[in-house]
Amino acid sequence: MSDSQDEVRAYTVRLELVDEPGELLRALHPIADNGGNLLSIFHERGNVTPRGHIPVEVDLEATPERFEGIVAALQDENFNIIQAGAERYSEALTIVLSGHLVESDLSDTLSQIHEGTDATVTDLSLSAPEGTEDVSSARLRLATEEGKADDALAAVREVAAAKDLTVVEPLTAGGEA
Amino acid sequence: MKLALLGAGAVGQSVAELAADYGHRVTALADSSSAVVDADGIDVAAALADKDESGAVGTDAPEAALATEYDVLVEATPTTLDDAQPGFGHVEHALERDRHVVLANKGPVAERYADVRALERESAGEVLFEATVGGAMPVLSTIDDFDPEHISAARGVLNGTANFILSRMAAEGLGYEHVLAEAQDLGVAEADPTFDVEGTDAALKCVIVANVLAQGEREYTLADAEVEGISSIPGSALELAQEDGRTVRLIGEVADGEVRVGPRLVPENAALSVSGTRNIVQLETEHAGRLNISGRGAGGPETASAVLADVGRLPEQ
Chain B
172 MSDSQDEVRA YTVRLELVDE PGELLRALHP IADNGGNLLS IFHERGNVTP RGHIPVEVDL
232 EATPERFEGI VAALQDENFN IIQAGAERYS EALTIVLSGH LVESDLSDTL SQIHEGTDAT
292 VTDLSLSAPE GTEDVSSARL RLATEEGKAD DALAAVREVA AAKDLTVVEP LTAGGEA
Chain W
37 MKLALLGAGA VGQSVAELAA DYGHRVTALA DSSSAVVDAD GIDVAAALAD KDESGAVGTD
97 APEAALATEY DVLVEATPTT LDDAQPGFGH VEHALERDRH VVLANKGPVA ERYADVRALE
157 RESAGEVLFE ATVGGAMPVL STIDDFDPEH ISAARGVLNG TANFILSRMA AEGLGYEHVL
217 AEAQDLGVAE ADPTFDVEGT DAALKCVIVA NVLAQGEREY TLADAEVEGI SSIPGSALEL
277 AQEDGRTVRL IGEVADGEVR VGPRLVPENA ALSVSGTRNI VQLETEHAGR LNISGRGAGG
337 PETASAVLAD VGRLPEQ
């Protein structure tokens, strides 16, 4: 990953908005006005925080310099920023798990991976050509914090070993070719 | 040079056949039960015909090959683990006589690297072992040319049998057992494929590379390698990899003091995803980026050409 200041990177900003009309639009202005490219907005209308705020997750692209400007502008407007930055999920890794996935409780496997690693499963594909009672495979895409990919893999190995599953790992760092 | 050949399997036979072509003379050829010896050069064709007919290359005892006159001992007996005998004993014998040794047998340099180097230091003879890693591919001589000091990591596909099975499974959507049986019919896999499909063979090669890269600062053996094979990879795993533009390869990695062999996800169009029995090694060099070496990693004439390249590197005594 390049450290170049000109490189556009993806960021996630979590905000808590006051439940008033126009708040969402008001929050998006500082992003657009400071050169951020909006990718998606997740507005959890039905999921109010204990303080009565509505959590919003905004994915955007910007250069690191512009992103700083965006965060500063949001703070100037008194928005409640819960989390801002690329550091949260900046490494993606793909693995394939094989074995008796269904019998060994796939959803438990996934939640163990999640708990043991701080990694988030962002994509899952399952292939069980012989039916769910036979050997099947699952492809998982995990998102982890930068530099935490090795920890995530170690945790996946541990969970897999306990459930007698085979892990096909990606190559280790530097081996992306 | 005068060559004494120990081992009359596919590699030993090919070395015997090709030696004259490289300007060398074979003064002894031994298999596990017999030997043929002649200081003026044995009749290679006759010895191999005898081997075909009676199962023995000659009428002398195998030990006679060690006692005869030679400049280079070529050790091509089957790889053995742990004490690496009898291969290690053959190396010891030759070095004590101040003769050179060229290994095709991985055992001595994978399991007893420090012992081999210690014997070499006391001897006027040298030990070379290009043929132990990647058949015809010049992996170790390239590492030597670049200087191990300037190479940070090595990784690659180092077992043709496992690679053949994985690439057939991916291409045909067939299961492991089916493709293994096919590979055995084709002679690509042995009747007992354990060494290849469980990753041991690839791991031995990685351990040898690790020893060369460590330059004596640390000794590696098979016990230091983390090894996983491919026999538990179902077709569905390859299918899911393919959907994502990837494939599965049995990859050996030597980096940061670790030796690991196991099935890995590799982008389908990457240099590492060679198909069939082809092998590849990638070296991470300090000043020249990544270097790929690929080619035939096994086979009689292929491995013999690496053996004879080593012989050519040795100084006349």
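Residue numbers (this note's numbering), protein chains in the order written: chain B, 172 to 348; chain W, 37 to 353. Cβ atoms here follow ideal geometry from the backbone N, Cα and C, with glycine treated the same way. As the structure is a prediction and not an experimental result, all values here were calculated from the model.
Anticipated Cβ contact below 8 angstroms, residue i with residue j, distance rounded
i, j, result
"glutamate 372 of chain W", "arginine 314 of chain W", "Given a span of 37 to 353 for chain W in the structure shown, any question on residue 372 of chain W remains unanswerable."
"threonine 197 of chain W", "isoleucine 329 of chain W", "With a Cβ gap of about 19 angstroms, threonine 197 of chain W and isoleucine 329 of chain W do not count as contacting."
"threonine 265 of chain B", "leucine 350 of chain W", "Not a contact, Cβ separation roughly 47 angstroms."
"glycine 143 of chain W", "leucine 164 of chain W", "No, glycine 143 of chain W and leucine 164 of chain W are not in contact; Cβ-Cβ is about 16 angstroms, not under 8 angstroms."
"isoleucine 284 of chain B", "valine 338 of chain B", "Rounded, the Cβ-Cβ distance is 11 angstroms, inconsistent with contact."
"arginine 312 of chain B", "alanine 243 of chain B", "Not quite, the Cβ-Cβ distance comes to about 33 angstroms (not below 8 angstroms), so this is no contact."
"valine 343 of chain W", "alanine 64 of chain W", "Contact doesn't hold; Cβ gap of about 15 angstroms is too wide."
"leucine 186 of chain B", "valine 229 of chain B", "7 angstroms"
"alanine 97 of chain W", "alanine 71 of chain W", "6 angstroms"
"alanine 290 of chain B", "alanine 332 of chain B", "Actually they are not in contact, since the Cβ atoms of alanine 290 of chain B and alanine 332 of chain B sit about 17 angstroms apart, beyond 8 angstroms."
Through-space distance from residue j to residue i, alpha-carbon basis
i, j, result
"valine 215 of chain W", "methionine 205 of chain W", "7 angstroms"
"serine 139 of chain W", "glutamate 232 of chain B", "Rather than serine, the amino acid found at residue 139 of chain W in this sequence is leucine. Their backbone Cα atoms lie some 57 angstroms apart in a straight line."
"alanine 75 of chain W", "glycine 123 of chain W", "23 angstroms"
"alanine 52 of chain W", "alanine 46 of chain W", "10 angstroms"
"threonine 326 of chain B", "threonine 220 of chain B", "One detail in the question is off: residue 326 of chain B reads as alanine in this sequence, not threonine. Alanine 326 of chain B and threonine 220 of chain B: Cα-Cα distance of roughly 31 angstroms."
"valine 273 of chain B", "serine 282 of chain B", "14 angstroms"
"valine 189 of chain B", "isoleucine 225 of chain B", "6 angstroms"
"valine 347 of chain W", "leucine 342 of chain B", "36 angstroms"
"serine 90 of chain W", "aspartate 180 of chain W", "42 angstroms"
"threonine 303 of chain B", "threonine 236 of chain W", "32 angstroms"
"glycine 211 of chain W", "proline 229 of chain W", "16 angstroms"
"isoleucine 269 of chain W", "glutamine 220 of chain W", "18 angstroms"
"leucine 249 of chain B", "lysine 319 of chain B", "For the record, residue 249 of chain B in the displayed sequence is asparagine; it is not leucine. Going from the Cα of asparagine 249 of chain B to the Cα of lysine 319 of chain B covers about 32 angstroms."
"glycine 206 of chain B", "histidine 271 of chain B", "49 angstroms"
"alanine 345 of chain W", "alanine 273 of chain W", "40 angstroms"
"glycine 94 of chain W", "glutamate 105 of chain W", "17 angstroms"
"valine 108 of chain W", "methionine 37 of chain W", "7 angstroms"
"glutamate 258 of chain B", "glycine 223 of chain B", "Residue placement at glutamate 258 of chain B is poorly supported in this model, since its pLDDT is 48, which falls under 50; the coordinates still yield a value, given next. Going from the Cα of glutamate 258 of chain B to the Cα of glycine 223 of chain B covers about 28 angstroms."
"alanine 66 of chain W", "serine 269 of chain B", "46 angstroms"
"phenylalanine 200 of chain W", "isoleucine 253 of chain B", "52 angstroms"
"serine 267 of chain W", "glutamate 226 of chain W", "14 angstroms"
"glutamate 215 of chain B", "phenylalanine 238 of chain B", "23 angstroms"
"isoleucine 397 of chain B", "aspartate 247 of chain B", "No answer is possible for residue 397 of chain B: the residues shown for chain B start at 172 and end at 348."
"isoleucine 212 of chain B", "aspartate 276 of chain B", "33 angstroms"
"leucine 199 of chain B", "asparagine 208 of chain B", "10 angstroms"
"glutamate 218 of chain W", "glutamine 49 of chain W", "26 angstroms"
"glutamate 253 of chain W", "glutamate 162 of chain W", "20 angstroms"
"isoleucine 202 of chain B", "threonine 183 of chain B", "12 angstroms"
"histidine 126 of chain W", "glycine 271 of chain W", "44 angstroms"
"arginine 332 of chain W", "glutamate 322 of chain W", "26 angstroms"
"serine 278 of chain B", "leucine 297 of chain B", "12 angstroms"
"proline 184 of chain W", "glutamate 301 of chain B", "48 angstroms"
"proline 351 of chain B", "aspartate 204 of chain B", "What the structure shows of chain B is the stretch from 172 to 348, and residue 351 of chain B is not part of that stretch, so it cannot be assessed."
"glycine 193 of chain B", "alanine 314 of chain B", "33 angstroms"
"alanine 299 of chain B", "alanine 309 of chain B", "9 angstroms"
"lysine 334 of chain B", "threonine 280 of chain B", "8 angstroms"
"phenylalanine 257 of chain W", "valine 145 of chain W", "A quick correction: the sequence has threonine, not phenylalanine, at residue 257 of chain W. Rounded to whole angstroms, threonine 257 of chain W to valine 145 of chain W spans 9 angstroms at the Cα level."
"leucine 194 of chain W", "leucine 336 of chain B", "25 angstroms"
"threonine 288 of chain B", "glutamate 340 of chain B", "15 angstroms"
"histidine 136 of chain W", "alanine 92 of chain W", "26 angstroms"
"valine 62 of chain W", "leucine 240 of chain W", "29 angstroms"
For residue i: DSSP bridge partner residues
i, result
"isoleucine 266 of chain B", "B:Leu311"
"alanine 181 of chain B", "B:Glu232"
"leucine 297 of chain B", "B:Ala309"
"isoleucine 338 of chain B", "Isoleucine is not the amino acid found at residue 338 of chain B; the sequence shown has valine there. Valine 338 of chain B is bridged to B:Leu268."
"asparagine 328 of chain W", "W:Gln318"
"valine 121 of chain B", "Within the shown structure, residues of chain B are numbered from 172 to 348, placing residue 121 of chain B beyond reach of any answer."
"leucine 281 of chain B", "Note: leucine 281 of chain B sits in no beta bridge, so no partner."
"valine 227 of chain B", "B:Leu186 and B:His214"
"asparagine 208 of chain B", "B:Glu232"
"asparagine 251 of chain B", "B:Glu187"
"lysine 38 of chain W", "W:Arg61"
Any non-hydrogen atom of the ligand FAD closer than 7 angstroms to residue i Cβ
i, result
"isoleucine 269 of chain W", "Among the components of this structure there are no ligands whatsoever, and the ligand FAD is therefore not found."
Using a Cβ distance threshold of 8 angstroms, determine whether the region 110 to 119 of chain W contacts the region 38 to 46 of chain W, with at least three qualifying pairs required. yes
Which complete beta strand (DSSP E) runs does the region 86 to 145 of chain W hold, if anything under 3 residues is left out? 108 to 111 and 136 to 139
Could you pull out every unbroken beta strand (DSSP E) segment of at least 3 residues lying fully inside the region 161 to 248 of chain W, listed in chain order? 187 to 193
Start-end ranges of the beta strand (DSSP E) lying completely within the region 261 to 317 of chain W, minimum 3 residues: 261 to 263, 282 to 291 and 294 to 303
Which residue spans inside the region 41 to 86 of chain W form an unbroken beta strand (DSSP E) run of at least 3? 61 to 66 and 71 to 73
For the region 168 to 176 of chain W and the region 291 to 307 of chain W, state whether three or more C-beta atom pairs, one from each stretch, are separated by less than 8 angstroms. no
Assess contact between the region 289 to 297 of chain W and the region 261 to 268 of chain W, defined as three or more Cβ pairs (one per stretch) separated by less than 8 angstroms. Is contact present? yes
Flag this pair as touching only if the region 150 to 169 of chain W and the region 81 to 95 of chain W have three or more C-beta atom pairs under 8 angstroms; answer yes or no. no
Counting Cβ pairs closer than 8 angstroms, one from the region 245 to 259 of chain W and one from the region 277 to 296 of chain W, do we hit at least three? yes
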